[in-house]
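With this note's numbering applied, the sequence shown covers 1 to 941.
In what follows, a structure is listed as C-alpha cells, so that the remarks can point back to it.
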Amino acid sequence: MTEDLSPAERYAAARKRAAEQATALADFREMYDFGLDPFQIEACQALETGKGVLVAAPTGSGKTIVGEFAVHLALQQGKKCFYTTPIKALSNQKYADLAKRYGADKVGLLTGDNSVNADAPVVVMTTEVLRNMLYAGSQTLLGLGYVVMDEVHYLSDRFRGAVWEEVIIHLPESVTLVSLSATVSNAEEFGDWLDTVRGDTEVIVSEHRPVPLFQHVLAGRRMYDLFEEGEGRKKAVNPDLTRMARMEASRSYNPRDRRKGKMVREADRERERRQRSRIWTPGRPEVIERLDSEGLLPAITFIFSRAACEAAVQQCLYAGLRLNDDEARARVREIVEERTAAIPDEDLHVLGYFEWLEGLERGIAAHHAGMLPTFKEVVEELFVRGLVKAVFATETLALGINMPARSVVLEKLVKWNGEQHADITPGEYTQLTGRAGRRGIDVEGHAVVLWQRAFSPEHLAGLAGTRTYPLRSSFKPSYNMAVNLVEQFGRHRSRELLETSFAQFQADKSVVGISRQVQRNEEGLEGYKASMTCHLGDFEEYARLRRDLKDRETELAKQGASQRRAAAAAALEKLKPGDVIYVPSGKFAGLALVLDPGIPAGRSNGHRGFEQHDGPRPLVLTAERQVKRLASIDFPVPVEALERMRIPKSFNARSPQSRRDLASALRTKAGHIVPDRHRKGRAAAADDREITRLRAELRAHPCHGCDEREDHARWAERYYRLRRDTQQLERRIEGRTNTIARTFDRIVALLTEMDYLRGDEVTQNGKRLARLYGELDLLASECLRDGVWEGLSPAELAACVSALVFEARAADDALAPKLPSGKAKAALGEMVRIWGRLDALEEEFKISQTEGVGQREPDLGFAWAAHQWASGKGLDEVLREADMPAGDFVRWCKQVIDVLGQIAAAAPSVSGAGDGDTVAKNARKAVDALRRGVVAYSSVG
C-alpha cells in the first residue's frame, strides 16, 4: 500500500505515526491485548487534548475504557482521579479491576461505610461520597485532575439523581469530567448543558453493539425469531408470531359458552386443544434446559421479584437440573468456602448457606438486593468464571455490574414500579438485554422473551426497535443543599448556580417553542390592530367599551341565573311528602306527587363514596305512574305545593298496582288544577347604572357612527381573543422558567424562619444541618436541636436513627411496627411529633413532597431490628423477628451506620453544653455495635 504513496505522503504518514506513538494513548493501548473501537479512540484523543467528554454507548460496548484512560492520564500527569459509580457493588468491582491493573497502593475505595486507602491517587467511590466531599471542602480534593462519572444516566433517577447534577455543577473548573452513559436519545442536549457548565465537552455517541443481538420469543417447545430475516433497517415482525397472537386473541373457548343457544361444537373444542398444545409459557427449568440444548448458556433470567428469583432456583433444583460437572462443582465449593470463611457457622444456617451452595454447585443462582452482599459477590465471581451458568436476577443487576451473558431471558414485559404494575420502557428493555453477548467470547448475543397470555409481538418489536431513551433531570434543591450553597456562595450566587442545573436547562428549552408561539401571536396582534383602525377615532378604546358592556351583561345574567337556582332550591327544600306539585320542565314535566323531598344541598354518602349535589332531589310519582328522582335542572323556577295528599302506608313504589292506584288518586285530586305561570321579573340589566353609563359612552364615541363599525368590531374581537391566548402562554412560560430557583427561595424562607439562615449568614443550627445528608436531613437536625436523643443508650439511638433512613417495601403495612420500650419509644414518638410540625411548616411555605422536596414521615419499621442488633442479639433471632431478608437487613444497617457517622460529626455543635458530645459518643458506640457479624464482613465495600 505504501508503495503507491508519493515520497511526500510517506513522510507525512511517518510523521503522523511518530506523533501518535508519542501520545499517552499509544502507551495506554499497549496495556490491552485487543484493539480499541473508533468511538473509544475518539473519546481518548479528546481527553488527551484537555476536553471533557460525554460518551453514550450501549451496555457492553466498552465505554469504561475511556474512564480507565482518564485514570491512566491522571497517574501519568501526577494528578488524582476519582471514579464514581451509582452503587456500592459497582464501586467494589471497579476497585478490584483498577487495583489489579495499577496496584493496590495506587487505588483506594470510599463507599460511605468503608474506606480503603482513601489518599491514593485513584479513588473509586459512590457519587454521594464525592458530593459530600465537595460541600465539606475536603482536603482530599486537592490535586484532583479527573472525575469519571460512570452510569451518568442515573441522574434521571427520581430518588438519587440530583446528586449527579450537584457534583457536575460544583466540581472545580480545573477538573476534567468524563461522563459515561447508556445510549440516550438526547445525548446532544445533555452535552450542550455540560458544555455550558463545564466548558469544552466533546459528545461521542455510538449505537454500534460489538456483539450483535438477536431477539427471540419462546412459546411452548419452539423458539421463534422476533423479526423476519431480511435486508434494510426496517425489520418486519415474524408473521408466525403475529398469527399466533391473533389466534389466541380470537380464542374464546369456554365449556359454558353458548352460541345462539347451542353448546360449542366438538370441532371447536378439538381446534382449541390443538392450539393449546402449541402455545404455552414454558416453566423455568424447561427454559434453562432449552437454552442449554441450544448452546445459549450462560444466561441471566430477569424476574421482577426477589421471592420469584429464589423460587426459580428451587424449581430448578427440584427438577434435578445440573449444569456443572464434578470438576466444576469442586471448584465452586473451593471458591465459596474461601470467600465465606469469615462467616460464623451459626449464621450460615440462618442465611440459607447450604441451599445456596447446592444451587451454586449445580451452576444455578439467584441475584437480588435481598441477598447478603458477600453472597451476591460470590455469584458475580462464579458467573464471570463460567462456574454459574443460570442466574435468576432482579433488574438491579442491569446497573453496570460486569456480568455479561450469552443470553438474557425476560419472563414478562411488566414490572412493579413502586406504585403500580407498568410496562417496561424501551430504555429498561435496552438496559436489561444489553447484558447479552460477551465481547471477545460470543459471536452473537440472544434476548429471549417468554410467551405470555395477551402477548403482543408488535409491542415487543417496539421495545426492541427503540434503542434509545431520553435523559430527564430529577434535580430538586434540598435543605442540606441550601445551607451548604449559602455558606459557600451566598444566596444570590447560589440561586444563579441552581439556575445552571440540567433540570432548569431542560425547562428553559421546553419554553422555546412556547416563546416562538408568543412571538407569532404578537405579530398577529399588530396585524389585527391595524385592521381595526378607524378614521373617526380610537377604535381600540371603543372596542374596550363594547367588551366591558358585554362582560357586565354576562355577569348580571350569571347572577340572575344563580339567584333563580337558589330560589328554586329553597322552594324544593320546603316540600314535604304528600305535596302535589307541577314539575315545570324536563322529561317528566307535569303533575307529580312528592314521595320523598330528597336530600339538602351539599355532600352525601352515595354508592360511589361522597357525591356532590347542588340541591334537593325529590322522589316523585308522576301522573303517568312513573316513580323518578328529579334533579335541580327539572326546576328552573321555584315550585310550590298545589295540594296535599295522604300517601297510604301500604304504598310500594316497586309495585305497578300501587303506582297505578296512587297515580289515579293524584289525577282525581289535582288533575283540574291549572298551575300559575311563572312570570319573568324585570331584568337586572335594565336598572344597572354601570350598563347605563357604558351604553351612553358607546353612543357618544366617535367610532359609533362609522359605516364600517361592525367590520372593525370583528377584527377587534379577534384581537382580544388572540391577546387572551398570548397572556395564557406568557403565564405558562413564567411558570416554567426559574422553577428551581423559586423552590430554592421557598426553602431558604423556611430555613430563615427556623433560624438556620440569616440572610447570607449560616447560623450554628445551619452549620449542623450542613453536615447531615439524607432525605430527612431537617428532621435529624431538629432532633439534635431539641435534644430528643440525649440520654439514649447506643442501641436506643440506633433505633431512633433507623427511622430516618428506613422505608418499608410495602407502602401500607396493616400492622403497627414493634418498637423498643422505654426512652427509645418516647424519643421515636417525639420524632414523629417534630415531623408533624415540619410538615405543617412546609405546607405553609408551599414546599411539596409530591415535587420531590420536603420531609416524608419517618418510618419506624426497622427500629426494633436495629435496637436488637445493636444490643448484641444473634442474627437468627433478629432476622426472624424483623421478617426481613439478610441482604435488606445488612443494607439498612449500613445506612443507619452512615447517618450515625454524620450525627457523630454534627452533634458536638449543639450549644456547647456537653449534651451533644454525649450524643456524638453514643452515635460512635452505636456504629461499633451495629458493625459486627454479617454487617461487618463483605469482601470489600
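Virtual Cβ for every residue (Gly too), placed ideally from N, Cα, C.
Since we're looking at a predicted model, the values are computed, not measured.
With distances taken between CB atoms, is the gap from residue i to residue j smaller than 8 Å?
i           : j           : result
residue 363 : residue 323 : yes
residue 647 : residue 577 : yes
residue 390 : residue 298 : yes
residue 935 : residue 804 : no
residue 622 : residue 590 : yes
residue 24  : residue 237 : no
residue 950 : residue 371 : Because residue 950 is not part of the residues shown, which for the chain are 1 to 941, the question remains open.
residue 118 : residue 108 : yes
residue 193 : residue 505 : yes
residue 150 : residue 59  : no
residue 155 : residue 82  : no
residue 211 : residue 438 : yes
residue 455 : residue 395 : no
residue 636 : residue 618 : no
residue 643 : residue 673 : yes
residue 185 : residue 61  : no
residue 794 : residue 929 : yes
residue 121 : residue 106 : yes
Give the DSSP-derived three-state secondary structure of residue i in the structure shown.
i           : result
residue 888 : helix
residue 216 : strand
residue 225 : strand
residue 448 : strand
residue 36  : coil
residue 643 : strand
residue 461 : helix
residue 124 : strand
residue 309 : helix
residue 709 : helix
Once you ignore the five residues that flank residue i on each side, which residues in its own chain have a CB closer than 6 Å to its CB?
i           : result
residue 366 : 309, 310, 313, 392
residue 802 : 862, 863, 866, 896
residue 190 : 471
residue 503 : 473, 475, 740
residue 43  : 53, 55, 66, 204
residue 627 : 621, 653
residue 179 : 54, 149, 152
By Cβ distance below 8 Å, which residues in the same chain neighbour residue i in space, the five residues on each side in sequence not counted?
i           : result
residue 656 : 625
residue 495 : 741, 744, 745
residue 660 : 625
residue 749 : 845
residue 878 : 865, 868, 869, 889
residue 753 : 841, 845
residue 161 : 154, 155, 473, 474, 475
Ordered along the chain, which non-local residues of its own chain (more than five positions away) have a Cβ less than 7 Å from that of residue i?
i           : result
residue 157 : 474
residue 262 : Summary for residue 262: the model assigns pLDDT 45, below 50, so the residue's position carries little reliability, and this model does not support an answer.
residue 715 : 528, 531, 532
residue 45  : 25
residue 361 : 324, 329, 332, 333
residue 224 : 216, 217, 238, 240, 241
Using the rule of at least 16 other Cβ atoms within 10 Å of the residue's Cβ for burial, across every protein chain shown, is residue i buried or exposed?
i           : result
residue 132 : buried
residue 912 : Because the pLDDT of residue 912 is 46, which lies under 50, any placement of that residue in the model is unreliable, and the number read from its coordinates should be weighed accordingly. By the neighbour-count rule (16 or more Cβ atoms within 10 Å), residue 912 is not buried but exposed.
residue 457 : buried
residue 40  : buried
residue 570 : exposed
residue 535 : exposed
residue 32  : exposed
residue 300 : buried
residue 827 : buried
residue 453 : exposed
residue 247 : exposed
If contacts are defined as beta-carbon pairs under 8 Å, then residue i and residue j qualify, I think. What distance do you get, rounded to the angstrom?
i           : j           : result
residue 163 : residue 127 : 5 Å
residue 196 : residue 47  : In fact, because the Cβ distance is near 20 Å, the residues do not count as touching under 8 Å.
residue 755 : residue 765 : 6 Å
residue 760 : residue 406 : Not really, about 59 Å apart at Cβ, beyond 8 Å.
residue 91  : residue 64  : Contact doesn't hold; Cβ gap of about 13 Å is too wide.
residue 859 : residue 350 : Actually they do not touch by this definition, with Cβ atoms about 25 Å apart.
Answer with yes or no whether the minimum CB distance from residue i to chain B is below 8 Å.
i           : result
residue 347 : No chain B appears in the structure shown, which is made up of a single protein chain.
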